[in-house]
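Peer 1:
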Amino acid sequence: MRRSHLVLLIIFILFLSACQSSKQLKPIKEETMDFDLNTAMEMVEKKEKMIIDLALREKVSILEYKELEESFTEEFGTYAKQILSILFNHNMDAGPEADMYVQKNTLYPTVFHKGITVTNAVLYKSYFENEFFNQTILSIKEEYVGDDEKLKDWQREYIFTPNENGDWELNGFSGEMNFLGEDYNMNYLELNS
């Protein structure tokens, strides 16, 4: 009988601990503020300029690719390899010193394409009793606002968080990154003049 009481007491204590910890993870205050659209556009342009410049090339040498990896890592952090993998054909039969060819059958929409624009930029802040859990997130959404039926409802969201220096650092994406297939290429949409 005593053993069952001990087990019940342990379960009860664990239950109370779980209830207490879930209360601590709820923010005590949340704020949502509009972020300057011009600044948001500049942030997106800086990243997407690198993409459009690369996507319009035919190939790069292995040395150029290594330099691209460095510069993309500086700009995109842990997402650099993912983006580069979208933009390049990976020929497993090619030698280690062979040129790398840019993927021609992909459209990575950028703000440099007609009909693509930053439509929303919002700053979210949440505050917790334990300041360690406080969060600041910047969401920048870009969308296709043109008439092409294939791109209708296309959107991409960049998610940024401040780093130790207070600079915005890319923390994630949502939405569709690119369109792949014979129908698509980087010139599928006309570039802005």
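Positions 926 to 1118 (this note's numbering) are the ones given, in order, by the sequence shown.
Every residue, glycine too, gets a C-beta built ideally from N, C-alpha and C.
All of these numbers come straight from a predicted model, not from anything done at the bench.
1. For Y1004, name the three-state secondary structure that DSSP assigns.
2. For P1034, which residues in the same chain have their Cβ closer than 6 Å to its Cβ, ignoring the five residues on either side in sequence?
3. Does the stretch 961-975 come within contact of the stretch 1063-1075, defined as at least 3 CB pairs closer than 8 Å?
4. Are E967 and N1030 closer than 8 Å when you measure CB to CB?
5. Just checking my contact of N1112 with I1011 at CB under 8 Å: how many whole Å lie between their CB atoms?
6. Determine the burial state of L922: buried for a count of at least 16 other Cβ atoms within 10 Å of its Cβ, exposed for fewer.
7. Just to confirm before moving on: does the CB-CB distance between F997 and L981 stay below 8 Å?
8. To the nearest whole angstrom, what separates the beta carbons of E955 and K1050, a pair I think is in contact under 8 Å?
9. Could you tell me if L1116 is buried or exposed, where buried requires 16 or more neighbouring beta carbons within 10 angstroms of its beta carbon?
10. Taking the alpha-carbon positions, what's the E1089 to A1046 distance?
11. Suppose the cutoff is 6 Å on Cβ atoms and the five residues either side in sequence are ignored; what does the same chain contact list for Y1026 look like?
12. On the DSSP letters alone, give me the boundaries of the beta strand (DSSP E) that M958 sits inside.
13. Measure how close the beta-carbons of L1032 and Y1109 come, nearest whole angstrom, since I'm counting them as under 8 Å.
14. Which residues in the same chain have their Cβ closer than 7 Å to the Cβ of F1001, if we skip the five residues on either side of it in sequence?
15. Can you have a look at L988 and say buried or exposed, based on whether 16 or more other CB atoms are within 10 angstroms of its CB?
16. How many angstroms separate the CA atom of K1006 from the CA atom of F1037?
17. Which residue marks the beginning of the beta strand (DSSP E) containing K971, and which one marks its end?
18. If you count every other CB in all the chains shown that lies within 10 Å of the CB of V1070, and 16 or more means buried, which is it?
Peer 2: In short, the structure shows the following:
1. What you label residue 1004 is simply residue 79 of the sequence shown in a count that begins at 1. Helix, per DSSP.
2. Indexing the sequence shown from 1 puts residue 1034 at position 109. Same-chain partners within the cutoff: I1041.
3. yes
4. For this step, residue 967 is matched to residue 42 along the sequence shown. For this step, residue 1030 is matched to residue 105 along the sequence shown. No.
5. Here residue 1112 refers to the residue found at position 187 when the sequence shown is read from its first residue. Here residue 1011 refers to the residue found at position 86 when the sequence shown is read from its first residue. The pair is not a contact, with the Cβ atoms about 16 Å apart (cut-off 8 Å).
6. Because the chain spans 926 through 1118 in this model, residue 922 falls outside it and cannot be assessed.
7. Here the question's residue 997 lines up with position 72 in the sequence shown. Here the question's residue 981 lines up with position 56 in the sequence shown. Not in contact: F997 and L981 (Cβ atoms no closer than 8 Å).
8. Your numbering for residue 955 matches position 30 in the sequence shown. Your numbering for residue 1050 matches position 125 in the sequence shown. Rounded, the Cβ-Cβ distance is 7 Å, consistent with contact.
9. Counted from its first residue, the sequence shown places residue 1116 at position 191. Classification of L1116: exposed, given that the 10 Å Cβ count is below 16.
10. Taking the first residue of the sequence shown as position 1, residue 1089 is located at position 164. Taking the first residue of the sequence shown as position 1, residue 1046 is located at position 121. Using only the alpha carbons, I get a separation of about 22 Å.
11. Taking the first residue of the sequence shown as position 1, residue 1026 is located at position 101. K984, N1014, listed in sequence order.
12. Here residue 958 refers to the residue found at position 33 when the sequence shown is read from its first residue. Start and end: 954-959.
13. By 1-based counting over the sequence shown, the position of residue 1032 is 107. By 1-based counting over the sequence shown, the position of residue 1109 is 184. Contact holds; Cβ gap of about 4 Å.
14. Stepping through the sequence shown from its first residue, residue 1001 is reached at position 76. The residues are K972, I1008, L1095.
15. What you label residue 988 is simply residue 63 of the sequence shown in a count that begins at 1. With fewer than 16 other Cβ atoms within 10 Å, it is exposed.
16. Taking the sequence shown and counting its residues from 1, one reaches residue 1006 at position 81. Taking the sequence shown and counting its residues from 1, one reaches residue 1037 at position 112. Roughly 22 Å separates the two Cα atoms.
17. Stepping through the sequence shown from its first residue, residue 971 is reached at position 46. Here K971 belongs to no beta strand (DSSP E); instead the alpha helix (DSSP H) covers 962-980.
18. Along the sequence shown, one-based indexing puts residue 1070 at 145. When all chains shown are included, V1070 counts as exposed.
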